[in-house]
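In terms of my numbering, the sequence shown opens at residue 1 and continues consecutively. For each residue, glycine too, the CB sits at the ideal point set by N, CA and C. Bear in mind that the values here come from a model prediction, so they are computed numbers and not experimental data.
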Amino acid sequence: MQQPLTAYDGSYNGSWWMLNAVNDVYMVLFHGPQVPAFVTAVERDPGVLRTLFDFAGSHLELLGGEQSYLASNAGRELGRFLQHASLRAEANPLVRGIHTNNGGMHLEGDPSMQGNQPRFIAYEAEWRRPEFAIWNLDHEYTHHLDGRFTMHGDFEAGISTPTVWWIEGFAEYVSYGYRKLPCRKAAAEAGKHTYRLSTLFDTTYDADTGRVYRWGYLAVRYMLENHRADRETVLSGTTAAVTGRAPGGASHAPSAPAMTRIGTSG
């Protein structure tokens with residue numbers, strides 16, 4: 001079954017039959033888990049996982065072209081094996097190194113490249129069955145929209161200025177607000193008076209989850225509900241600053257002075 005994937009090269013692209021022979025491998029992998037013996041066979045010899053990983057990684061040039069489905073289907077079928085607890089130890093390190101014990105990850109890609117496709121990886125909230133629910137769907141989708149319409153550049157550029165408080169706090173704020181749920185953990189943190197707002201503006205991903213997510217939520221909520229005009233100033237500065245250009249093309253400096261003023265006076 002793996003042979004069509006390992007044998008594929010550019011010469012296949014001129015033949016409808018050869019391309020379909022390669023793609024048919026994915027059809028087998030898609031339907032295979034419906035047969036318990038198939039899963040057992042993969043458990044005994046999980047080499048197909050590595051084959052899928054190698055195919056997707058070796059043919060990134062296909063993405064955005066007529067044969068892009070070959071590379072994307074390889075990644076899709078590799079990710080599908082994560083549904084089987086017995087195969088996660090094998091599949092997990094191959095799926096971009098993302099552990100399955102978290103709520104997901106947003107992958108911005110490189111917006112400067114034509115055909116770039118942002119995506120996020122998430123998992124089913126199995127404890128909600130028989131209801132189907134995606135773990136942290138609202139949080140991760142907010143990252144997608146924030147990256148698409150608010151933050152300039154890719155993820156690395158987006159955090160080159162202190163924006164973690166906004167990135168994670170806004171995702172939490174929208175997630176809880178959309179679901180009409182109170183963020184009880186953030187409320188509990190607020191009672192501790194651990195951080196000043198000016199300190200939260202300098203949050204990085206090296207901080208603990210309480211500061212990144214709970215206190216990020218509190219900072220964003222405070223800015224949106226009490227300093228909305230200042231939020232526009234802070235956000236426009238931090239987002240434009242990552243590229244050094246404002247949307248209209250003018251140079252735009254970071255808004256650190258404004259952030260300091262708000263953080264120490266609010």
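Are the CB atoms of residue j and residue i within a distance shorter than 8 Å?
i	j	result
N73	L82	no
A190	H139	no
L49	L94	yes
R148	P118	yes
A89	G75	no
N136	G104	yes
Y173	R221	yes
L87	A71	no
G47	Q2	yes
Rounded to whole angstroms, what is the Cα-Cα separation between residue i and residue j?
i	j	result
D45	R196	54 Å
A241	V25	Because the pLDDT of A241 is 40, which lies under 50, any placement of that residue in the model is unreliable, and the number read from its coordinates should be weighed accordingly. About 46 Å.
E218	T209	For the sequence presented, residue 218 should be read as Leu rather than Glu. If you take the alpha carbons of L218 and T209, they lie about 13 Å apart.
A7	M27	18 Å
E192	K185	It should be pointed out that residue 192 corresponds to Lys in this sequence rather than to Glu. Roughly 11 Å between the two C-alpha positions.
E156	P36	42 Å
D146	S198	22 Å
H143	A122	12 Å
Y176	A187	12 Å
E168	Y141	12 Å
H31	R80	11 Å
D54	H152	32 Å
G275	D154	Since the first residue shown for the chain is 1 and the last is 266, residue 275 is missing from the structure and cannot be characterised.
Q34	Y205	40 Å
Q67	S58	14 Å
L5	Y12	11 Å
G224	R179	Just to set this straight, residue 224 is Leu in the shown sequence, not Gly. In a straight line, the C-alpha of L224 is about 18 Å away from that of R179.
D230	S15	59 Å
A278	F201	A query on residue 278 cannot be resolved here, the shown segment of the chain reaching from 1 to 266 and no further.
A133	H84	17 Å
Y69	T150	29 Å
M113	T194	42 Å
P111	P130	38 Å
T51	N226	53 Å
Using the three-state DSSP reduction, which class does residue i fall into: helix, strand or coil?
i	result
F120	strand
H106	strand
I159	coil
D9	coil
S15	coil
H31	helix
My assumption, with CB atoms under 8 Å, is that residue i sits in contact with residue j. Please give the rounded CB distance.
i	j	result
R211	T203	6 Å
E77	L107	Wrong, their Cβ atoms sit about 18 Å apart, outside the cutoff.
G109	W165	Wrong, their Cβ atoms sit about 23 Å apart, outside the cutoff.
Compare the C-beta of residue i against all C-beta atoms of chain C and say whether one is closer than 8 Å.
i	result
G109	Here chain C cannot be found, since the structure has a single protein chain.
Inset, instruction - Evaluate contact between the segment 158–177 and the segment 125–135, counting only Cβ atoms and requiring at least three cross-stretch pairs below 8 Å. - result: The segment 158–177, when compared against the segment 125–135, does not touch it at the 8 Å Cβ threshold.
Inset, instruction - Take every Cβ of the segment 37–44, pair it with every Cβ of the segment 5–22, and state whether three or more of those distances are shorter than 8 Å. - result: No: the two stretches stay apart, fewer than three of their Cβ pairs being nearer than 8 Å.
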